[in-house]
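These notes concern the structure reproduced below.
There are 2 protein chains.
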Amino acid sequence: MAQLRNKQVILKDYVSGFPKESDMNIVDSTITLKLPQGSNDVLLKNLYLSCDPFMRNLMNKPQGPPNPLSYTPQSVIAGFGVSKVLESGDPNYKECDLVWGFSKWEEYSLVPSTQILFKIEHTDVPLSYYTGILGMPGLTAYAGFFELGSPKKGENVFVSAASGAVGQLVGQFAKLTGCYVVGSAGSKDKVNLLKNKFGFDGGFNYKEEPDLNAALKRHFPEGIDIYFENVGGKTLDAVLPNMRVHGRIPACGMISQYNLTQPEGVTNLAHVVYKRIRMEGFNTADFYHLYPKFLDFILPHIREGKIVYVEDIVEGLENGPAALIGLYGGRNVGKQVVVVAHE
Amino acid sequence: MAQLRNKQVILKDYVSGFPKESDMNIVDSTITLKLPQGSNDVLLKNLYLSCDPFMRNLMNKPQGPPNPLSYTPQSVIAGFGVSKVLESGDPNYKECDLVWGFSKWEEYSLVPSTQILFKIEHTDVPLSYYTGILGMPGLTAYAGFFELGSPKKGENVFVSAASGAVGQLVGQFAKLTGCYVVGSAGSKDKVNLLKNKFGFDGGFNYKEEPDLNAALKRHFPEGIDIYFENVGGKTLDAVLPNMRVHGRIPACGMISQYNLTQPEGVTNLAHVVYKRIRMEGFNTADFYHLYPKFLDFILPHIREGKIVYVEDIVEGLENGPAALIGLYGGRNVGKQVVVVAHE
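Line by line, the protein sequences are chains B and R.
For the first sequence, the UniProt record's numbering assigns the number 343 to the last residue and increments by one with no breaks.
For the second sequence, the UniProt record's numbering assigns the number 343 to the last residue and increments by one with no breaks.
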């Protein structure tokens, strides 16, 4: 049986502090494109790989109870992706099926079929969308905003990392709900996107605001009902005193803290008591049962152009490490995707 | 009409930092024990006054939107209390009714009847209980633990300020629910109370633990499902990494922070995301509709001796300021009550 080159992204060692491109290696491995006899696994050709902030945490040396997803030094890293089934030992999948789920950063992957989350049924939209608006980040925005945020028409919504994979959707969902929505992002161009592309009512560049509290007061003179939390740290600390009574904080991520060996202290938590705030961390894995309902909601909006999605696409697995690292410095504009193969 | 002496506790000025007894004055005012003609108010004889941590916040110079309860310099302070109705302009109350609600720190008070929360119907239990187990703190423990905590049999519960007005009840509710419960308190005697009086499975003196994280790991090798938050700051920071997935943190108060001009920073909030924790501040005022249900639950337990309650009672309004200040240094053992008059 012929062996094929299988380019891979390997984590050299556990990472402490800010990750660097050199923490990863590109290696050429080989693979036989044939399922081992009797295997129930699925052989995938990876098409699009997703760069997601949570991947940073998988690079840490595990402390306490092990995370089953944590990366192992000298092994291929893993993440969400869109793949084509080459061969399946699980009767639920067959050759040429398109799927999305948890795959590996390599050209071809042999994975347990349980790592496939969903078969892709709708292909009149860009396939890369299944790493973003139609994948985990889309469901994240949907579950976090609607299920945890419990938004009501006329409420005031603040989103951090607002032009990112999740944030740009939260803003658009907020507008569809009749909310006032303002986002923060890390460049003038991103702030322009918020207002001109995604329909936010306002936005600010947090890097150019000497006083985040003042920026929030300027945009929310009457306070914030829902803060969709993507960054943590200083932004969260500035938000807390600006929350309204019975405010909600769906805590999707705290990307500003992931690379710090000593996280920043949040001093304004007493406002959680004073304002009766509900702050709730969540993991999209707890909401996969909503995926069909989510698709019914979002597909028509995409087709009618009522919801847009900005992707930052790089070509080639060899450019994956730089793209992934770029997330933590905010280099990406919109959802960061790596193309491994177009089909 | 004869005028009567009306002893009062006056706040001298707004307080910054740790409050002192000398921030308050005891003065002799006078009052005519007759409702003004046409008034809808209620004239009360105050019997028991409640010392509650939140009162510290009312002493602050108001910043931002005013709190209608905030104290005014040179005026009588206010708080929860048990009172006897002397005369009522509201037909819902009549002479000799016993009531509990928001009253003032003085012998006699003329208050709008809306400040009365409930008429006291059950007097086979100590009347002072309506400042504690049968009053706001009791309902606080009930709503916070059962409504926000959603406890399940077998879960692990941690309570801070565990021998206090609310904490001692949370621990007993946890045991009634079949949970494992450990509390922290600020003296050896209080920790003994937890175990010997309230039936906690364990407890520790946070002042004698060099490493709160280690203390929690010792008592909760498998982690914490519910943290009933009364103190904030360092304790909260140590708790967060010890929470289990889908843990709940009803945030009742953060007494350790109330007297700090610069609050402590909480660095471990990313665990809210990692562990999908729900942290929720609450105010008992949102749960008064549960009070009848709460009484149905708790009165039989009190009468059968299945729930006990420890009070720290001082005699005389003139000793009120010291009792109130004592809360913030943890001088009280159990619910701090001030007796103004026995009937």
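From the three backbone atoms N, C-alpha and C, an ideal C-beta is built for every residue, glycine too.
DSSP beta-bridge partners of residue i
{"i": "residue 277 of chain B", "result": "Paired residue(s): none; residue 277 of chain B is not in a bridge."}
{"i": "residue 250 of chain B", "result": "B:280"}
{"i": "residue 78 of chain B", "result": "B:104"}
{"i": "residue 8 of chain B", "result": "B:27, B:106"}
{"i": "residue 119 of chain R", "result": "R:99"}
{"i": "residue 3 of chain B", "result": "B:32"}
{"i": "residue 48 of chain R", "result": "R:82, R:339"}
{"i": "residue 202 of chain B", "result": "B:182"}
{"i": "residue 43 of chain B", "result": "B:87, B:110"}
C-beta neighbour in chain R for residue i, strict 8 angstroms
{"i": "residue 282 of chain B", "result": "yes"}
{"i": "residue 211 of chain B", "result": "no"}
{"i": "residue 155 of chain B", "result": "no"}
{"i": "residue 138 of chain B", "result": "no"}
{"i": "residue 257 of chain B", "result": "yes"}
{"i": "residue 278 of chain B", "result": "yes"}
{"i": "residue 254 of chain B", "result": "yes"}
CB contact check: residue i to chain B, cutoff 8 angstroms
{"i": "residue 147 of chain R", "result": "no"}
{"i": "residue 264 of chain R", "result": "yes"}
{"i": "residue 268 of chain R", "result": "yes"}
{"i": "residue 251 of chain R", "result": "yes"}
{"i": "residue 56 of chain R", "result": "no"}
{"i": "residue 226 of chain R", "result": "no"}
{"i": "residue 286 of chain R", "result": "yes"}
{"i": "residue 273 of chain R", "result": "yes"}
{"i": "residue 232 of chain R", "result": "yes"}
Residues near residue i by beta carbon distance below 6 angstroms, same chain, minus five either side
{"i": "residue 13 of chain B", "result": "73"}
{"i": "residue 307 of chain R", "result": "172, 301"}
{"i": "residue 202 of chain R", "result": "182, 219"}
{"i": "residue 317 of chain B", "result": "7, 340"}
{"i": "residue 3 of chain B", "result": "30, 32"}
{"i": "residue 137 of chain B", "result": "165, 166"}
{"i": "residue 61 of chain R", "result": "14"}
Cβ-based neighbour list, residue i, same chain, cut-off 8 angstroms, excluding 5 preceding and 5 following
{"i": "residue 328 of chain B", "result": "18, 19, 53, 56, 255, 258, 259"}
{"i": "residue 220 of chain R", "result": "156, 158, 182, 242"}
{"i": "residue 103 of chain R", "result": "44, 46, 49, 78, 79, 80, 81, 83, 109, 111, 115"}
{"i": "residue 295 of chain B", "result": "122, 134"}
Local conformation of residue i per DSSP, three classes
{"i": "residue 208 of chain B", "result": "helix"}
{"i": "residue 230 of chain B", "result": "coil"}
{"i": "residue 84 of chain R", "result": "strand"}
{"i": "residue 55 of chain B", "result": "helix"}
{"i": "residue 225 of chain R", "result": "strand"}
{"i": "residue 156 of chain R", "result": "strand"}
{"i": "residue 336 of chain B", "result": "strand"}
{"i": "residue 70 of chain R", "result": "coil"}
{"i": "residue 264 of chain R", "result": "coil"}
{"i": "residue 308 of chain R", "result": "coil"}
{"i": "residue 313 of chain B", "result": "strand"}
{"i": "residue 322 of chain B", "result": "helix"}
{"i": "residue 288 of chain B", "result": "helix"}
{"i": "residue 163 of chain R", "result": "coil"}
{"i": "residue 331 of chain B", "result": "coil"}
{"i": "residue 191 of chain R", "result": "helix"}
{"i": "residue 245 of chain B", "result": "strand"}
{"i": "residue 213 of chain R", "result": "helix"}
{"i": "residue 22 of chain B", "result": "helix"}
{"i": "residue 237 of chain R", "result": "helix"}
Close Cβ partners of residue i (< 7 angstroms) along its chain, the five nearest in sequence each way excluded
{"i": "residue 130 of chain R", "result": "82, 100, 120"}
{"i": "residue 279 of chain R", "result": "249, 251, 272"}
{"i": "residue 217 of chain B", "result": "242"}
{"i": "residue 10 of chain B", "result": "24, 25, 27, 74, 75, 76"}
{"i": "residue 276 of chain B", "result": "245, 246"}
{"i": "residue 321 of chain B", "result": "9, 21, 24"}
Practice task
Report yes or no: do three or more beta-carbon pairs, one from the stretch 239-252 of chain R and one from the stretch 227-240 of chain B, lie closer than 8 angstroms?
Solution key: no
Practice task
Report yes or no: do the stretch 82-101 of chain B and the stretch 27-38 of chain B share at least 3 C-beta pairs separated by less than 8 angstroms?
Solution key: yes
Handout entry: Inter-stretch contact at 8 angstroms, needing at least 3 Cβ pairs: the stretch 150-161 of chain R / the stretch 117-136 of chain R
Key = no
Practice task
Determine, using beta-carbon pairs with one atom in the stretch 177-192 of chain R and one in the stretch 288-302 of chain R, whether at least three such pairs fall under 8 angstroms.
Solution key: They do not touch, by the three-pair rule.
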